[in-house]
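Comments concern the structure below.
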Amino acid sequence: ALEEQELDHVVQQQERELAQQGLDLQTYLGMQQKTLEEYREELRESVRQNIKTSLVLGKII
């Protein structure tokens, strides 16, 4: 749930950054020879670490 929401957020952020360069996500993924699902899986571990860090910092602060 939280992980999927964060993945969605990261993908949307990437879409905005690509749009500023005149690309869309599908074109970018095609250039990388990846599907959206493969791309999301690549991001998953980083997203998990970010969530863990946020939760830990939330308990400290």
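To convert, note that position 31 of the sequence shown is 31 in the working numbering; the numbers rise steadily by one, no gaps.
Idealized CB from N, CA, C, for every residue including glycine.
{"Item": "C-beta atoms of T35 and L43 nearer than 8 Å", "Value": "no"}
{"Item": "Extent of the continuous alpha helix (DSSP H) to which Q33 belongs", "Value": "Per DSSP, Q33 belongs to no alpha helix (DSSP H) and is neither H nor E."}
{"Item": "Q21 - DSSP class collapsed to helix/strand/coil", "Value": "coil"}
{"Item": "Exposure of V56, with buried meaning 16 or more beta-carbon neighbours within 10 Å", "Value": "exposed"}
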